[in-house]
DNA sequence: CTTGACCTTGACCCTGCGTCAACCTCCGAC
DNA sequence: GTCGGAGGTTGACGCAGGGTCAAGGTCAAG
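Protein chains in written order, with this note's numbering: chain Y, 179 to 421; chain G, 179 to 421.
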């Protein structure tokens, strides 16, 4: 008679697996010898090979039992269902591979953000904006996309239009440099004035920005987000309503 | 400031998932308010969306952390590795589907056994051997294939050759019927004698069966297996050396 | 007699959360 | 003021399929 280790060797599974099958009720518990060791006969080898074969074919252990003693019609039906499950898993994994490939192509940004916003970030980098500021801008857009997904397309258009204006680009770069300034720095007041002027001109030109009404939470989060990174910017955004 | 439920809604994950990410250290634990509730700011939304994006792409949570803060070269390398893992999983599942399809085509037998033995079982069924005996024969071969895989091909050839002999087929059918006989039945002694005669003739013809030397364990298991199913057969196999 | 290989049960570890359980807290309605 | 219902909190168990200790009993050989 076989010990558990011999049984495992003969059938090509691990000792732990055999005991696991006992626990799951797939394999009958054999007699024990005087010292409490399990002693297996031929039937156990046969049963275990059947279990192993099904398990290696991807049949869930919870279905192995029914499958082994199933008459042909149920057997076929059960296999069809298992195959269906396997196909679904493969579809999921294939979709994951596509997403991973997207990530690899566009970095993380293209996947976190709608493409028109990723384009804005490309423009900012091309302008020479610091990576630190680009990241803050990006996070702002992630936030906006999460909180008010319906408005983000409009905002992105407005931002892109503003960035086409050389005066706005100058102001943006100035704000980038102002990041670390002391909130009491007199240059900051000057910059705030220039921002206000630009904003006023834009209003006159009829291209006023669409204000996000009814999104108090979104605006609050944006402001606290700015407050978290730069004192100077906080100061700026209190003086002029343009981030 | 957001509660955990609002954060979850905004980002499209479940509350349980957010807490899970805290446990895994992927998302920083935020401040608590006076009543112990978690209160989230904008950064949490940004971070959570990044985590969600990667997790949905099939990145294991254990790798999400490193991936989020990885510089581009490491980022790409990590993605390549993850893609490799995903491909391996898909290969496994595809292999499982093939095996499931094999199972569906040939029933369980074709997968548990080498094809030449499955063929033997087909012959037996065509002869009119009872399903009970076919199953015992099958289990015997499963056992043989597991215990002495190197010899099983030879034995299968010998068995197939024997089954081509009409006298052996008659004897086999007789043994099939003898399954339930009383071990003291005089017909059994008669059958044993016929078996011995056939065996002697085979020896004279020079087509003696190859004896499994050095496989005492295998023979013991076979014998106990026979003993477990039929007293009459046990009796037979003691009288004549042919199962 | 000791050593090393093998056996026993029991219990914790992995993934990615879902789903209780038991209790606390908030907010609007009465 | 108080009641209900919808939040929140921690803690624990569950899933598949075992891997990997831990602590100790058994066995054959040197």
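The beta-carbon is built from N, C-alpha and C at its ideal position, and this holds for glycine as well.
What you are looking at is a predicted structure, and each value in this text was computed from that prediction instead of being measured.
Check, Outcome
"In this structure, how does DSSP classify residue 204/Y when only helix, strand and coil are distinguished?", "coil"
"Which same chain residues end up closer than 8 Å to residue 193/Y when comparing Cβ atoms and leaving out the 5 residues on each side of it in sequence?", "182, 183 and 186"
"When burial is assigned at 16 or more other CB atoms within 10 Å of the CB, is residue 375/Y buried or exposed?", "exposed"
"Kindly list, in the order they appear in chain Y, the residues whose Cβ is closer than 7 Å to that of residue 377/G.", "Per Cβ cutoff of 7 Å: no residues; residue 377/G is ~24 Å from chain Y at best."
"In this structure, what does DSSP give as the bridge partners for residue 180/Y?", "218/Y"
"Taking residue 299/G as the query, report the chain Y residues whose CB atoms sit under 9 Å from its CB, ordered along the chain.", "None at all; the shortest Cβ gap to chain Y is about 14 Å."
"Using a Cβ cut-off of 7 Å, pull out every chain G residue sitting near residue 324/Y, in sequence order please.", "188, 189, 223 and 227"
"Here's the rule I'm using: 16 or more other beta-carbon atoms within 10 Å means buried, otherwise exposed. How should residue 214/Y be labelled?", "exposed"
"Between the region 275-285 of chain G and the region 251-265 of chain Y, do at least 3 Cβ pairs fall closer than 8 Å?", "yes"
"Between the region 356-366 of chain Y and the region 402-413 of chain Y, can you find at least three pairs of beta-carbon atoms closer than 8 Å?", "yes"
"Mind pulling the chain Y residues with CB within less than 7 Å of residue 211/G?", "Under the 7 Å cutoff, chain Y gives no residues; its nearest Cβ is about 15 Å from residue 211/G."
"Taking all protein chains shown into account, decide if residue 274/Y is buried (16 or more other Cβ within 10 angstroms of its Cβ) or exposed.", "buried"
"Which residues of chain G have a Cβ atom closer than 7 Å to the Cβ of residue 231/Y, listed in chain order?", "289 and 290"
"When you check each C-beta in the region 254-288 of chain Y against every C-beta of chain G, which residues fall closer than 9 Å?", "254, 257, 258, 260, 261, 264, 265, 267, 268, 270, 271, 272, 273, 274, 275, 276, 277, 278, 279, 280, 281, 282, 285 and 286"
"Check residue 391/G in the structure and name its three-state DSSP category.", "Interpretation of residue 391/G is limited by its pLDDT of 48, a score under 50 that renders its predicted location unreliable; the figure taken from the coordinates is listed afterwards. Looking at residue 391/G - three-state DSSP - the assignment turns out to be coil, as it is neither helix nor strand."
"Using the DSSP secondary-structure output, state which residues sit across from residue 210/G in a beta bridge.", "216/G"
"Should residue 208/G be listed as close to the ligand COA, given that the test is whether its C-beta is under 6 Å from any heavy atom?", "Annotation note on the ligand COA: not contained in the displayed structure, which lists no ligands."
"Which residue from 217/G, 298/G, 220/G and 240/G puts its Cα closest to that of residue 199/G?", "240/G"
"Are the Cβ atoms of residue 305/Y and residue 347/Y separated by less than 7 Å?", "yes"
"Here's a check: name, in chain order, each residue in its chain whose Cβ is nearer than 8 Å to the Cβ of residue 298/G, leaving out the five neighbours to either side.", "315, 319, 334, 337, 338 and 341"
"Residue 235/G versus chain Y: which residues are under 7 Å apart at the beta carbon?", "274, 277, 278 and 281"
"Any idea what DSSP makes of residue 293/G, helix, strand or coil?", "helix"
"Can you check the region 227-296 of chain G for any alpha helix (DSSP H) of at least 4 residues that lies completely inside it and give the ranges in chain order?", "239-246, 250-284 and 287-290"
"Would residue 219/Y pass as a contact of residue 189/G if the rule is Cβ separation under 7 Å?", "no"
"Could you list which residues in chain G have their beta carbon closer than 8 Å to that of residue 314/Y, in chain order?", "None at all; the shortest Cβ gap to chain G is about 10 Å."
"Check whether the Cβ of residue 402/G lies closer than 7 Å to any Cβ atom in chain Y.", "yes"
"Note the first and the last residue of the continuous alpha helix (DSSP H) segment covering residue 364/Y.", "364-382"
"So residue 182/G contacts chain Y; which residues on that side make the cut at Cβ distance below 8 Å?", "Per Cβ cutoff of 8 Å: no residues; residue 182/G is ~15 Å from chain Y at best."
"Just mark residue 247/G as buried or exposed, buried being the case when its beta carbon has 16 or more other beta carbons within 10 Å.", "exposed"
"Which of the three DSSP states, helix, strand or coil, is assigned to residue 420/G?", "Residue placement at residue 420/G is flagged as unreliable, the pLDDT there being 44, under the threshold of 50; the coordinate-derived value follows with that caveat. In the structure shown, residue 420/G sits in coil (DSSP, three-state: anything other than H, G, I, E or B)."
"So, with DSSP's three-state summary, where would you put residue 344/Y?", "helix"
"Buried or exposed: residue 331/G, going by 16 or more other Cβ atoms within 10 Å of its Cβ?", "exposed"
"With a cut-off of 7 Å, does the C-beta of residue 407/G fall near any C-beta of chain Y?", "no"
"Can you list, in chain order, the residues of its chain with a C-beta nearer than 7 Å to that of residue 391/Y? Leave out the 5 residues immediately preceding and following it.", "The predicted model places residue 391/Y with a pLDDT of 49, which falls under 50 and marks its position as unreliable; any figure quoted below should be read in that light. Excluding positions up to five away in sequence, the list is empty."
"Buried or exposed: where does residue 382/G fall if 16 or more other Cβ atoms within 10 Å of its Cβ makes it buried?", "exposed"
"Is residue 212/G buried or exposed, if buried means 16 or more other CB atoms sit within 10 Å of its CB?", "exposed"
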